[in-house]
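All letters in the sequence shown, in the order written, are residues 1299 to 1527 by our numbering. For every residue, glycine included, the Cβ atom is placed at its ideal position computed from N, Cα and C. Worksheet: the structure to be examined is printed underneath.
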Amino acid sequence: MKMDASAFLEVSHLNKQVPSGDSQITILKDVNLTIKNSETVAILGASGSGKTTLLTLLAGLDLPTQGDIYFQQHHLNALDEEQRALIRGASVGFIFQSFHLLPTLTALENVMLPLEIQYVSYERCKKEATEWLHRVGLSDRLNHYPSKLSGGEQQRVAIARAFINNPKIVFADEMTGNLDTHTGHLISDILFSLNTLQATTLVLVTHDETLASRCQRRLLLNEGVLQPC
Ligand SMILES: Nc1ncnc2c1ncn2[C@@H]1O[C@H](COP(=O)(O)OP(=O)(O)OP(=O)(O)O)[C@@H](O)[C@H]1O
Ligand SMILES: [Mg+2]
1299 MKMDASAFLE VSHLNKQVPS GDSQITILKD VNLTIKNSET VAILGASGSG
1349 KTTLLTLLAG LDLPTQGDIY FQQHHLNALD EEQRALIRGA SVGFIFQSFH
1399 LLPTLTALEN VMLPLEIQYV SYERCKKEAT EWLHRVGLSD RLNHYPSKLS
1449 GGEQQRVAIA RAFINNPKIV FADEMTGNLD THTGHLISDI LFSLNTLQAT
1499 TLVLVTHDET LASRCQRRLL LNEGVLQPC
């Protein structure tokens, strides 16, 4: 398969199986999806339907059992982890359902990390991370370690970390799940302003109807099968 020239991300015949005892569980079944540059897409579905698994594959964090993933003309399956990490570092922001903050780093250091590994100067990393933590309402938590932050505060640190490298695409897995309604709207507004101002492509897994309704396209995962809704 060759990637459609107008597509930003294209997957075809994606299957994901994982071993379970002597047999295999099929988590994703023949998923086909094309996302264009600057599109906003919501992925909905019941718990256990495969949403996190799909997002992880789309972002190149894991490989499918079968099928192809093309990301900005790169055939992700054909690349090794180091090559995929380079693409992620340059283009992808990922907000994990369970945050994945590094426990030995402060909020500020966690947010600085994606820029630091791209050899941006320490002073600029610190300035931009401070600004992002301010935007998500955490100016007074810069030096807190994740264990000293509430769930919603950890989520906002993870959100600031996802945005700091000015990604071309943001994958967000239940981004507002731990936030109150007001803070959830604030964070959603930041996300959609990136889409409006910088044409950032958004792929959001969510149970939040309001957030899903702000997206141009809504897809439903039902026991590993993806369909429009
Ligand atoms: N590494 C694994 N080994 C075995 N089973 C797995 C593995 N990863 C995921 N699963 C199973 O695959 C199914 C889909 O998991 P996934 O995390 O993608 O669901 P989800 O739609 O994100 O659910 P939730 O809304 O609860 O976050 C679940 O039944 C889960 O138990
Ligand atoms: Mg999940």
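Placement of the Cβ of V1503 at a distance of less than 8 Å from at least one heavy atom of ligand 2 is found. A straight line joining the alpha-carbon of V1455 with that of D1487 spans about 16 Å. Note that the C-beta distance between L1326 and I1367 is not below 9 Å. By the Cβ neighbour-count rule, R1422 is exposed, with fewer than 16 other Cβ atoms within 10 Å of its own. In summary, V1503 is buried, with 16 or more beta-carbon neighbours lying within 10 Å of its beta-carbon over all protein chains present. Less than 9 Å separates the beta-carbon of A1510 from that of L1342. Closest option to I1415, judged by alpha-carbon separation, among Q1322, R1386, N1520 and E1337: R1386. No heavy atom of ligand 2 is found nearer than 8 Å to the CB of Q1453. The residues N1375, in chain order, have a CB closer than 7 Å to that of L1361 in the same chain once the five nearest residues on each side in sequence are set aside. Here G1319 is exposed: its Cβ has fewer than 16 other Cβ atoms, across all protein chains shown, within 10 Å.
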